[in-house]
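First comes the structure, then the notes that go with it.
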Amino acid sequence: MSTFKLTQQQKDEYFGRGYTGIKNAISTDLLKRLQEMSKKFEDNIMNSHENNIVTHGACVVSDPVGDRLARYDDIFSVDWDTTLDLLASPPMMAIFRDICGRGSVPLQVDILYKHQHPHPVVIWHQGAQHSRIHPYLNVGVFLDDSNEGDGCLRYVPNTQHEKQDIQNLSQDYGWEIPNVIEYPANAGDINIQDMMILHGSEPKRTHGVRRTIYIEIRPYEGIIENNEQSKQWADLRKRFMGLVLRRADPSDWPEEWKADYPNDLKSDKEEIENIMKLRESPTPAYYATFPVTHENYPIPSDLR
2 MSTFKLTQQQ
12 KDEYFGRGYT
22 GIKNAISTDL
32 LKRLQEMSKK
42 FEDNIMNSHE
52 NNIVTHGACV
62 VSDPVGDRLA
72 RYDDIFSVDW
82 DTTLDLLASP
92 PMMAIFRDIC
102 GRGSVPLQVD
112 ILYKHQHPHP
122 VVIWHQGAQH
132 SRIHPYLNVG
142 VFLDDSNEGD
152 GCLRYVPNTQ
162 HEKQDIQNLS
172 QDYGWEIPNV
182 IEYPANAGDI
192 NIQDMMILHG
202 SEPKRTHGVR
212 RTIYIEIRPY
222 EGIIENNEQS
232 KQWADLRKRF
242 MGLVLRRADP
252 SDWPEEWKAD
262 YPNDLKSDKE
272 EIENIMKLRE
282 SPTPAYYATF
292 PVTHENYPIP
302 SDLR
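So this note's numbering is basically just the index in the sequence shown, starting at one, shifted up by 1.
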């Protein structure tokens, strides 16, 4: 039997409204390692930036208060040991198994860094558009508290089923699209969202950085059906999941599903290096077509 299972309520929330969460999902020790990893990434990237060295996957933005790191993609290529421990943790294995299902593979593992205003806000958007024949998840692992009223995630429930008119919704309502909810979280929590749910986040008002690891997950067959990345790229994701399963508790994955993944894996280092050598771009998110101006969006009037 698995050591961790999602509840029926969590599964119903995800498949119904488009998002759910797991409180206190990450162990204290693993959370500390993830926090230390993200801090090391930030320090190293900003040091390189100051010396005019570009780091693959890093996005440094020039805020009015100075340059700051906004995101760092493909973190598994830098610290695969910590990343694989996260992906193989019981809560993550439950997400792979209980929400995504057979054939699940990880696609992206990135960190978003959200700093105090002035810093780019996460405007309304939907993740990668797809046919919805297969599940497509975006899983957030919170390394810091994300408090209500301080730029936490905002969701519009039940918007995941089709492409939304983001241009007019944001123009008409700003941050207050009908039925919108704020979704606060604490460090160590995990949130699970349908890739296509309409979401965003206002400026962060308090001091300090908020870090969230985002993991894209979908079944192998979904990648093939979508046909935006090559079969070779999809096959490498099977090998990526093979590395995860090699670390996971064997009871966390159905025995009959294990044959779906390669059994000729080399070392973690060799496999990850090959994945990066044959890297392809992820499917992009969907935003408003033109900039939107509203009295409280994207920057609330009291912060202008």
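Think of the CB as a built atom: it goes at the ideal place given N, C-alpha and C, for glycine as much as any other residue.
The structure presented is a predicted model; accordingly, all values stated were derived computationally and were not measured.
Taking Cβ to Cβ, would you say residue i is nearer than 8 Å to residue j?
i, j, result
"Pro-220", "His-162", "no"
"Asn-192", "Gly-141", "yes"
"Ile-218", "Phe-42", "no"
"Val-181", "Arg-155", "yes"
"Tyr-174", "Cys-153", "no"
"Gly-209", "Phe-143", "no"
"Val-61", "His-50", "yes"
"Phe-241", "Val-106", "yes"
"Ser-171", "Val-79", "no"
"Ile-124", "Tyr-288", "yes"
"Leu-127", "Met-197", "According to the sequence displayed, residue 127 carries Gln and not Leu. Taking 8 Å as the Cβ cut-off, Gln-127 and Met-197 qualify as a contacting pair."
"Leu-7", "Ile-100", "yes"
"Val-122", "Pro-263", "no"
Tell me whether residue i, by its Cβ, gets closer than 7 Å to a heavy atom of the ligand NAP.
i, result
"Tyr-156", "By its list of ligands, the structure shown contains no ligand whatsoever, and the ligand NAP lies outside what it can speak to."
Taking C-alpha atoms, which residue in the options lies nearest to residue i?
i, options, result
"Leu-31", "His-200, Met-93, Leu-199", "Met-93"
"Leu-35", "Phe-77, Phe-5, Ala-71, Lys-24", "Phe-77"
"Ile-159", "Glu-14, Asp-236, Arg-72, Leu-7", "For the record, residue 159 in the displayed sequence is Asn; it is not Ile. Of Glu-14, Asp-236, Arg-72, Leu-7, the residue nearest in Cα terms is Glu-14."
"Ser-302", "Leu-246, Trp-176, Tyr-262", "Trp-176"
"Tyr-114", "Arg-238, Tyr-73, Leu-87, Trp-125", "Tyr-73"
"His-200", "Ser-231, Lys-164, Thr-207", "Lys-164"
"Val-157", "Ala-129, Gln-130, Asp-195, Asp-151", "Asp-195"
"Pro-91", "Asn-25, Ile-300, Gln-233, Gly-58", "Asn-25"
Could you tell me which residues DSSP pairs with residue i in its beta bridges?
i, result
"Pro-220", "Ser-105"
"Cys-60", "Arg-72"
"Asp-111", "Tyr-215"
"Arg-155", "Glu-183, Gly-201"
"Val-140", "Ile-193, Ile-216"
"Gln-117", "Lys-205"
"His-295", "Tyr-298"
"Tyr-287", "Gln-127"
Report the rounded CA-to-CA distance for residue i versus residue j, giving the unit in angstroms.
i, j, result
"Asn-297", "Pro-204", "11 Å"
"Gly-223", "Tyr-137", "8 Å"
"Tyr-215", "Asp-166", "25 Å"
"Asp-146", "Ser-282", "30 Å"
"Thr-56", "Ile-46", "7 Å"
"Gly-276", "Lys-270", "The sequence as given places Ile at residue 276; Gly does not occur at that position. Answer to the nearest angstrom: the Cα atoms are 10 Å apart."
"His-295", "Thr-84", "40 Å"
"Ala-286", "His-120", "20 Å"
"Met-2", "Trp-254", "Bear in mind that a pLDDT of 48 at Met-2, under 50, signals an unreliable position, so the model cannot answer this."
"Asp-284", "Asn-139", "With the sequence shown as reference, residue 284 is identified as Thr, and Asp is not the correct amino acid for it. For Thr-284 and Asn-139, the distance between alpha carbons rounds to 12 Å."
"Ser-63", "Arg-69", "7 Å"
"His-118", "Leu-304", "8 Å"
"Arg-248", "Arg-103", "18 Å"
"Pro-251", "Thr-4", "10 Å"
"Ile-265", "Asp-82", "A quick correction: the sequence has Asp, not Ile, at residue 265. C-alpha separation (whole angstroms): 19 Å."
"Asn-169", "Ala-89", "41 Å"
If contacts are defined as beta-carbon pairs under 8 Å, then residue i and residue j qualify, I think. What distance do you get, rounded to the angstrom?
i, j, result
"Lys-306", "Leu-246", "No information on residue 306 is available, as it lies outside the stretch 2 to 305 that the chain covers here."
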